[in-house]
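Here's the structure we're looking at; comments come further down.
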Amino acid sequence: MVNWKFAAMTLPALKQVLPQYAQRFFSVGTESVFKPDASKTCLKFNEKDDDEPCCGCYEMDWYYGYGDIPPYDGCDACATTDTVCTWPDGYKRGTDFDSARFCSTQGLSSKRDVIATDKDDTLADDDDTDGDEGLTLYERDYNPNNPTATISRKTVSLCTDKYSVGKDGRYPAFPKLADRPWDGIENGRWETISKYWGNTSESCTDWSVDAIFPHDNRSTPRGLKRARYEKLTLYTAEHVFEGQLMGDFFTWWLNKGTIRDQIPPAINPTQVMGCSQAKDYVTADDIHWSGANSDSFFDHMLFELGSIGHLDRLTIFLGRPNGMKGAMFKGIAAISTSSSRTGFSSKDADAQLQSVKEMGMVFEYLNNPKVWQNFCATFEAVYDLLGEFDDYHAQQGTGLPAIQPEWPKYIRTTLKSISNRSGIALFNYFRLRAQPNNAYFNTLWMINMRVNYGKLSFTGTCPHLP
0 MVNWKFAAMT LPALKQVLPQ YAQRFFSVGT ESVFKPDASK TCLKFNEKDD
50 DEPCCGCYEM DWYYGYGDIP PYDGCDACAT TDTVCTWPDG YKRGTDFDSA
100 RFCSTQGLSS KRDVIATDKD DTLADDDDTD GDEGLTLYER DYNPNNPTAT
150 ISRKTVSLCT DKYSVGKDGR YPAFPKLADR PWDGIENGRW ETISKYWGNT
200 SESCTDWSVD AIFPHDNRST PRGLKRARYE KLTLYTAEHV FEGQLMGDFF
250 TWWLNKGTIR DQIPPAINPT QVMGCSQAKD YVTADDIHWS GANSDSFFDH
300 MLFELGSIGH LDRLTIFLGR PNGMKGAMFK GIAAISTSSS RTGFSSKDAD
350 AQLQSVKEMG MVFEYLNNPK VWQNFCATFE AVYDLLGEFD DYHAQQGTGL
400 PAIQPEWPKY IRTTLKSISN RSGIALFNYF RLRAQPNNAY FNTLWMINMR
450 VNYGKLSFTG TCPHLP
């Protein structure tokens, strides 16, 4: 667990590193870009210098899955150490290799969302589903001649209960199995979802992110001979605006006057609306808010997330950074520092730097203008809804406080707190780095601490989010 009060460590002195390493990294930078149609291989930074260390050799999907991401509500696979599960091609991971591999019991599925199973949802009669959402991806009847997306629900916790919406409030889940297609399926029904968001450079210190088409593939070791086996990179369908932000607005901000592990801590936190009021007026069925797809005010909020009805608010993003993003918005560290085999201090220098890079990719991703525009779309829609909520209850004389003004304050506090926590975490990871006397890896850490540290912030604004 990261100590959020951790004092800044002394950065490595310039004389500790070899200048030529730094010069070459700065000069090459993003020029070493993954070929989208080619597998990732273990390339030397300079192929002529075979005796130099290699950074970028670890295939993080293969070695760790989500096992090195701290567990949080919404990611059942995070921090799991089950080694009998399979890579998406059905091949058992962690059985023929000398290093431990960690993955989920659902074939590398982060399980951040759930497959719709409500009996009252009349799924079989719904035109927006193929009728078998109650089955897992491995159990569902799959027709290779007519591939379809699995329709899933986004589940959000509010105080002590969990909520989700059906119909057009659900979303198409990206397939976990590499041999199941996505592009163009169902007559191009999902083609407006922005894809494939991931890193654009093989440099361990370049966090750049962009939409890449076609998708990346990865080479995974298969057996002791390390034969290459090209498979689809682990991607997930991702809600740019985290759904749990809506629940935590009531659970934390309005109820407690703060957010989880807020940095800096809130001064004199004050309750605005308690959980009992939220249950009575926000999540309870109310004829005023009922409609074809909703029964409560909170249903209306959830419908503003990325979904079948709002495909432009979804993206296809790399799975591991997406899992870290979920943890960060929950007030949890992106990378586990536990003493387990998946903990940061147990990784070698290569895997450590790649983990930090994946954390940094979350910031580069959300700071991309196109992605941030999707974030603002949900933020502004909810802002307007909260205004309707305030106006209605003012007319009804229920005595509820206005909560619309709290929404931008809450979101901005959350974004700033994530930035602050991530900066503290980076110093902590630096302290736990492997091979602290190695000039090559110190050079990479130097770039992270002196250049990339400044990227750990969210720079975007929305019309009502200054």
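Residue numbers 0 to 465, in numbering that gives the first Met the number 0, belong to the letters of the sequence shown in order.
Glycine included, each C-beta is placed from N, C-alpha and C at the ideal position.
Under the three-state DSSP convention, the category residue i falls into
i: HIS392; result: helix
i: SER306; result: strand
i: PHE297; result: helix
i: PRO180; result: coil
i: ALA433; result: coil
i: ALA172; result: strand
i: ASN216; result: strand
i: ASP72; result: coil
i: GLU363; result: helix
i: ALA277; result: helix
i: VAL155; result: strand
i: TYR20; result: For TYR20, the predicted structure reports a pLDDT of 46, less than 50, and the residue's modelled location is therefore unreliable. The matter cannot be settled from this model.
i: VAL355; result: helix
i: SER202; result: coil
i: ILE150; result: strand
i: ALA210; result: strand
i: TRP288; result: coil
i: TYR65; result: coil
i: SER418; result: helix
i: ASP260; result: coil
i: THR191; result: coil
i: ALA236; result: strand
i: TYR57; result: coil
i: ASP347; result: coil
i: LEU399; result: coil
i: LEU464; result: strand
i: GLY459; result: coil
Buried or exposed (CB count within 10 angstroms, at least 16 for buried), residue i
i: ASN198; result: buried
i: THR397; result: exposed
i: ILE68; result: buried
i: PHE212; result: exposed
i: MET445; result: buried
i: SER151; result: buried
i: ALA148; result: buried
i: PRO174; result: buried
i: GLN353; result: buried
i: LYS161; result: exposed
i: GLY64; result: buried
i: GLY322; result: buried
i: GLU237; result: buried
i: PRO522; result: With the chain covering only 0 through 465, there is no way to say anything about residue 522.
i: GLY187; result: exposed
i: ASN267; result: exposed
i: GLU190; result: exposed
i: GLN243; result: buried
i: ALA350; result: buried
i: ASP205; result: buried
i: ASN447; result: buried
Same chain only: Cβ atoms within 6 angstroms of residue i, ignoring 5 sequence neighbours per side
i: ASP347; result: ALA433
i: LEU42; result: Interpretation of LEU42 is limited by its pLDDT of 37, a score under 50 that renders its predicted location unreliable; the figure taken from the coordinates is listed afterwards. Taken in chain order, the list of residues that qualify is empty.
i: TYR409; result: PHE248, TRP252
i: THR413; result: ILE258
i: SER344; result: LEU431
i: VAL281; result: PHE296, PHE297
i: ASP97; result: For ASP97, the pLDDT reaches just 30, beneath the cut-off of 50, and the residue's location in the model is therefore unreliable, leaving the point undetermined.
i: PRO407; result: HIS463, LEU464
Close Cβ partners of residue i (< 8 angstroms) along its chain, the five nearest in sequence each way excluded
i: SER193; result: ALA210, ASP311, LEU313, THR314, ILE315, LYS369, VAL370, ASN373
i: THR458; result: ASN366
i: TYR364; result: TRP196, VAL208, PHE316, PRO320, LYS324, VAL370
i: LYS255; result: PRO268, GLN270
Neighbourhood of residue i by C-beta, 7 angstroms cutoff - its chain only, sequence neighbours within 5 removed
i: ASP389; result: ALA401, ILE402, GLN403
i: CYS203; result: CYS54, GLY55, LEU352, GLN353, LYS356, LEU443
i: GLY246; result: VAL155, SER156, LEU157
i: ALA380; result: GLU303
i: ALA283; result: SER295
i: ARG411; result: LEU464
Residue-level contact to chain C via CB, residue i, 8 angstroms cutoff
i: PRO213; result: The structure shown contains no chain C, having only a single protein chain.
Does the structure place the stretch 265-272 close enough to the stretch 417-434 that three or more beta carbon pairs sit under 8 angstroms?
no
With three or more beta-carbon pairs closer than 8 angstroms as the criterion, would you say the stretch 315-333 touches the stretch 258-269?
yes
Is it true that the stretch 50-70 meets the stretch 317-328, where meeting means three or more beta-carbon pairs spaced less than 8 angstroms apart?
yes
Can you list, in chain order, the stretches of the beta strand (DSSP E) that have 3 or more residues and sit fully within the stretch 311-345?
Complete beta strand (DSSP E) runs here, min 3: 313-317.
Does the stretch 289-307 touch the stretch 380-390, meaning 3 or more C-beta pairs lie closer than 8 angstroms?
Because the criterion of three Cβ pairs below 8 angstroms is met, the stretch 380-390 and the stretch 289-307 touch.
Is the number of C-beta pairs between the stretch 333-341 and the stretch 178-187 that are closer than 8 angstroms three or more?
Flag = no, the stretch 333-341 and the stretch 178-187 do not touch.
Counting beta carbon pairs with one atom in the stretch 446-457 and one in the stretch 288-300, are three or more of them shorter than 8 angstroms?
no
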